[in-house]
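Chains F and W are the protein sequences, given in the same order. With this note's numbering, letter number 211 in the first sequence gets 211, and the count goes up by one each step, no holes. With this note's numbering, letter number 54 in the second sequence gets 54, and the count goes up by one each step, no holes. We put the CB at the ideal spot given by N, CA and C, even for glycine. Here the structure comes first, spelled out in structure tokens, and everything after it is commentary.
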Amino acid sequence: MTARVSPARDLWNRLRHSGTALSAMFLLVPLVFCALFADLIANDRPYTMTHQGERYFPAFRGMLVDVGISQWPSGVAGMDFSRVPPEAAVWPPIPYRPSGVDLMDPLAPPSGSHWLGTDNLGRDIMAGMVHGARISLTIGIVAVGLATVIGVILGAVAGYFGGTTDLLINRLFEMMMAIPTFFLIITVSAFVKEPSLFYIMAVIGLTGWVGIARFTRNEFIKTRAVEYVTAAEALGASPARIMFLHILPNAMNPIIVSVVFGIAGAILVESGLSFLGIGVPADVVTWGSILNEARGNTFAWWLAVFPGCAIFMTVLAYNLLGEAMRDALDPKLRGRMKSG
Amino acid sequence: MARYILIRFLWMIPTFLGITLISFLIIHMAPGDPAELMAGGGLGAGSGVGLSTENRAAVDQAVVQWREQFGLDRPLHEQYFVWLGHLFTLEFGESFKDHQPVWNKMAERLPITILLNVLSILLIYLVAIPLGIYSATHPYTAMDRLTTVGAFILFSLPTFWVAILAIVFLGGGDFLAVFPPGGLHATAYSESWPWLRRAADLGLHLFLPVLIMSYGGFAELSRFMRGSLLEVLTQNYILTARAKGLTERVVIYKHALRNSLVPMVTILAGILPALIGGSVIIETIFSIPGIGQLGFQAVLARDYPVIMAVFTMGAFVTLVSILLSDFLLTLVDPRISFGRRSAS
Chain F
1 MTARVSPARD LWNRLRHSGT ALSAMFLLVP LVFCALFADL IANDRPYTMT
51 HQGERYFPAF RGMLVDVGIS QWPSGVAGMD FSRVPPEAAV WPPIPYRPSG
101 VDLMDPLAPP SGSHWLGTDN LGRDIMAGMV HGARISLTIG IVAVGLATVI
151 GVILGAVAGY FGGTTDLLIN RLFEMMMAIP TFFLIITVSA FVKEPSLFYI
201 MAVIGLTGWV GIARFTRNEF IKTRAVEYVT AAEALGASPA RIMFLHILPN
251 AMNPIIVSVV FGIAGAILVE SGLSFLGIGV PADVVTWGSI LNEARGNTFA
301 WWLAVFPGCA IFMTVLAYNL LGEAMRDALD PKLRGRMKSG
Chain W
1 MARYILIRFL WMIPTFLGIT LISFLIIHMA PGDPAELMAG GGLGAGSGVG
51 LSTENRAAVD QAVVQWREQF GLDRPLHEQY FVWLGHLFTL EFGESFKDHQ
101 PVWNKMAERL PITILLNVLS ILLIYLVAIP LGIYSATHPY TAMDRLTTVG
151 AFILFSLPTF WVAILAIVFL GGGDFLAVFP PGGLHATAYS ESWPWLRRAA
201 DLGLHLFLPV LIMSYGGFAE LSRFMRGSLL EVLTQNYILT ARAKGLTERV
251 VIYKHALRNS LVPMVTILAG ILPALIGGSV IIETIFSIPG IGQLGFQAVL
301 ARDYPVIMAV FTMGAFVTLV SILLSDFLLT LVDPRISFGR RSAS
């Protein structure tokens, strides 16, 4: 009955029995799968092919070449894989890459060869959707990771030291809350000379820490007066040590929850930006950039329906996960699970 | 009370100046030169690629002159103080694009954005409060669960997606033509129409934008209302009221509802910034000539004075609404008195 369970294990046990968490997983697992294996699901290079008697694995080799740790074998270097005879190659289920332009087939409705149709440059939407999962998840996680670092440090300092420090940092919170953040992000992303996903992550991260910082501050204020903190102080532990090794692990719950909700928010902001056509390089296909093309081609319903659906599912998944974690971590609800 | 409001107000001044300073620095230090864009022949030709050396020299000279004219050649801190001067006279300087005073441009568009936001706040509260009351008084029933799921879905639906879907499927493209795809007035609109017809026309044009701006808010606030009322209903005075034999109707609407509305007041300050940010997207998609669209166009054209004005306006409205919701709180809940507490 009183067997001790680690907090992480305890959280896992609670989440496993929560319907909300399960539905979040149901949405997230395919997304993460697409993000991880995008190159193997949608690629204009075959898995394997024979060419002049040699066997090649262009899809796999290509991944290594793209990150710069390998080179094309001389037999297939610079080769146009679409000219490989069908019987000589095994293709991924979606034999296109998201940026593969085909000017002969623009704005094609969904069909057998393009499952979700093509955009005005003939790029395959399905390939864009699969690779877009990688971009969306990366931006969400990196941006919120940055926001979490800033938020936790500022919140911890404000909550732990209190007094004037707290007052000053609180003014900063108030400023960040009153700045029209989305407009600020649009401004900075639009001004950047060479748009890149990196800037978008940085801007979203640098503007999105206020919620996390306030939660951290509140937790630190609550915990600062607890005996073990006094004990650590008496032992001569440095403030940094007390803040991040003693208090922070006990203040994690609301931070984790706001991080998960933050990812949903960051993905919304990123897709909103690329929907407005801001900050994303022209040759990068994101869910938002596909949706953007629907503005000029209102008859091409497939450009509007599918990418929006993906954004919605992703945001919904993270919101569900956040909700499930909030319930699981809420001490008021503890024990209710067993009866239900 | 008056003292408290005054202290709060005084504290807002450094915050407000801080915001303008941060915005100013971000805008002016960001890469990209408005002088190149404006003097180099407007948008598109601004980069000067492919110009002959002769033309290049002419453009360079124009750029230098242009910078001088708008004071962009001066040190950054001087520029900021010049801007502050403009702020106190409420002029916000001149637009880079057409030399119009920024204030005139804002004044033209402000009523439209205010109308849009007021309508959507009204809609949010009109939907959220009854829905929240229903969910809280029928907790864990099928209807409650359905509204929970519905609210969750609405809350996660990206507004720009819904807006695009609405335009594609309802806005008179290849599908239905129920609503106009954008703008504020019909093409045949004239001021001589009877007011009823003008109002109906405006209503038809504003229906989709307002609805799409609001649904996320009423999804969130209805959950908030439900939680707040549920919490109040567990309190002892409600038990007392029930024990006295009051009808459920009186218990809920007379005793519980008042107290559960308190947090609904404070959250107003929280949804305003989101609404202002949302107007940028909604006004751009539906081509509504409001502040959001003005701001977006200014960003694309690097029209610094207009961008600064939009930032300042947004920050001011948010700060005032934080103050206002604190003030409203003391009206709704007489137990709360800020007078004795230090301002924080």
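Taking only three categories from DSSP, how would you classify residue i?
i: F16 (chain W); result: helix
i: V332 (chain W); result: helix
i: D80 (chain F); result: coil
i: M358 (chain F); result: This structure cannot settle anything about residue 358 (chain F), because the visible part of chain F is limited to 1 through 340.
i: I94 (chain F); result: strand
i: P195 (chain F); result: coil
i: G295 (chain W); result: helix
i: G132 (chain W); result: helix
i: M104 (chain F); result: coil
i: G171 (chain W); result: strand
i: H17 (chain F); result: coil
i: R302 (chain W); result: coil
i: A151 (chain W); result: helix
i: Y56 (chain F); result: strand
i: H348 (chain W); result: Here chain W has residues from 1 to 344 only, and residue 348 (chain W) is not among them.
i: G42 (chain W); result: Reliability fails at G42 (chain W), whose pLDDT of 46 lies under 50, so the model's placement of it is uncertain and the value that follows must be treated cautiously. Note: G42 (chain W) maps to coil in three-state DSSP.
i: A177 (chain W); result: strand
i: T230 (chain F); result: helix
i: F42 (chain F); result: Correcting the residue identity first, residue 42 (chain F) is Ala in this sequence and not Phe. A42 (chain F) falls in the strand class under three-state DSSP.
i: V5 (chain F); result: coil
i: A186 (chain W); result: coil
i: D124 (chain F); result: strand
Assuming residue i contacts residue j under a Cβ cut-off of 8 Å, what Cβ separation, rounded to an integer in Å, is found between them?
i: H28 (chain W); j: L76 (chain W); result: 6 Å
i: L303 (chain F); j: I290 (chain F); result: 6 Å
i: F173 (chain F); j: R214 (chain F); result: 6 Å
i: A151 (chain W); j: R223 (chain W); result: 5 Å
i: L268 (chain W); j: I133 (chain W); result: Between I133 (chain W) and L268 (chain W) the Cβ distance is about 18 Å, and since that is not below 8 Å, they are no contact.
i: L165 (chain W); j: G279 (chain F); result: So it is not a contact: roughly 23 Å between Cβ atoms.
i: Y318 (chain F); j: I263 (chain F); result: 5 Å
i: S395 (chain F); j: L320 (chain F); result: With chain F covering 1 to 340 only, the question about residue 395 (chain F) has no answer from this structure.
i: F220 (chain F); j: G155 (chain F); result: 7 Å
i: L123 (chain W); j: S192 (chain W); result: Incorrect: roughly 30 Å between the Cβ atoms, too far for contact.
i: I179 (chain F); j: I22 (chain W); result: 7 Å
Considering only the alpha carbon of each residue, which of the options lies closest to residue i?
i: F299 (chain F); options: F:N120, F:F191, F:T216, F:W12; result: F:N120
i: V63 (chain W); options: W:F81, W:A35, W:D73, W:L90; result: W:A35
i: A147 (chain F); options: F:G211, F:T118, F:R171; result: F:G211
i: M313 (chain F); options: F:I141, F:G205, F:L116, F:L31; result: F:L31
i: F24 (chain W); options: W:T318, W:M308, W:L328; result: W:M308
i: F9 (chain W); options: W:T53, W:M264, W:F327, W:L331; result: W:F327
i: D346 (chain F); options: F:I267, F:S189, F:Y96, F:I69; result: This structure gives no information on residue 346 (chain F), because the portion of chain F shown stretches from 1 to 340.
i: M313 (chain W); options: W:L196, W:I167, W:I276; result: W:I276
i: A298 (chain W); options: W:M106, W:T247, W:G18, W:D144; result: W:M106
How should residue i be labelled, buried or exposed, when 16 other C-beta atoms within 10 angstroms of its C-beta is the threshold for buried?
i: M325 (chain F); result: buried
i: V178 (chain W); result: exposed
i: Q345 (chain W); result: With chain W running from 1 to 344 in the structure shown, residue 345 (chain W) is simply not present.
i: A231 (chain F); result: exposed
i: E87 (chain F); result: exposed
i: L116 (chain W); result: buried
i: P158 (chain W); result: buried
i: T118 (chain F); result: buried
i: D303 (chain W); result: buried
i: H255 (chain W); result: buried
i: A301 (chain W); result: buried
i: D44 (chain F); result: buried
i: T286 (chain F); result: buried
i: G19 (chain F); result: exposed
i: Q293 (chain W); result: buried
Margin query: Beta carbons nearer than 8 Å to chain W: which residues of the stretch 241 to 272 of chain F have them?
Written below: Those residues of the stretch 241 to 272 of chain F that come within reach of chain W (Cβ to Cβ, closer than 8 Å) are A264, L268, S271, G272.
Notebook entry, point to check: Got a sec: which bits of the stretch 147 to 158 of chain W sit with their beta carbon under 8 Å from any beta carbon on chain F, in order along the chain?
Noted result: Within the stretch 147 to 158 of chain W, the residues whose Cβ lies closer than 8 Å to some Cβ of chain F are F152, I153, F155, S156, L157, P158, listed in chain order.
Item checked: Where the stretch 5 to 25 of chain W meets chain F: residues whose CB sits under 9 Å from a CB there -> For the stretch 5 to 25 of chain W, the residues whose beta carbon sits under 9 Å from a beta carbon of chain F are, in order, W11, M12, P14, T15, F16, G18, I19, I22, S23.
Item checked: Residues, ordered as in the chain, of the stretch 177 to 191 of chain F that lie near chain W by beta-carbon distance below 8 Å -> Listed by position along the chain: M177, A178, I179, P180, T181, F182, F183, L184, I186, T187, V188, A190, F191.
Checklist line | Residues, ordered as in the chain, of the stretch 270 to 296 of chain W that lie near chain F by beta-carbon distance below 9 Å | finding: Within the stretch 270 to 296 of chain W, those residues whose Cβ lies closer than 9 Å to any Cβ of chain F are, in chain order, G270, P273, A274, I276, G277, G278, V280, I281, T284, I285, G292, G295, F296.
Next item on the list: Closer than 8 Å, Cβ to Cβ, to anything on chain F: give me those residues from the stretch 167 to 180 of chain W, in chain order.
Entry: Flagged, chain order: I167, V168, F169, G171, G173, D174, F175.
Next item on the list: Using a Cβ-Cβ cut-off of less than 8 Å, give me the residues of the stretch 292 to 305 of chain F that come near chain W, in sequence order.
Entry: Only A294, R295, T298, F299, W301, A304, V305 from the stretch 292 to 305 of chain F bring a Cβ to less than 8 Å from some Cβ of chain W.
Next item on the list: Give, in chain order, every residue of the stretch 310 to 333 of chain W whose Cβ lies closer than 7 Å to some Cβ of chain F.
Entry: So the close ones are V310, F311, G314, A315, T318, L319.
Next item on the list: Give the residues from the stretch 106 to 120 of chain F that approach chain W closer than 8 Å (Cβ to any Cβ), ordered along the chain.
Entry: Within the stretch 106 to 120 of chain F, no residue has a Cβ lying closer than 8 Å to any Cβ of chain W.
Margin query: Closer than 9 Å between beta carbons: that is the criterion. Which residues of the stretch 69 to 86 of chain W meet it against chain F?
Written below: If the cut-off is 9 Å between Cβ atoms, the stretch 69 to 86 of chain W has nothing near chain F.
Checklist line | Members of the stretch 220 to 238 of chain W that neighbour chain F once the beta carbon cut-off is set at 7 Å | finding: Residues: none.
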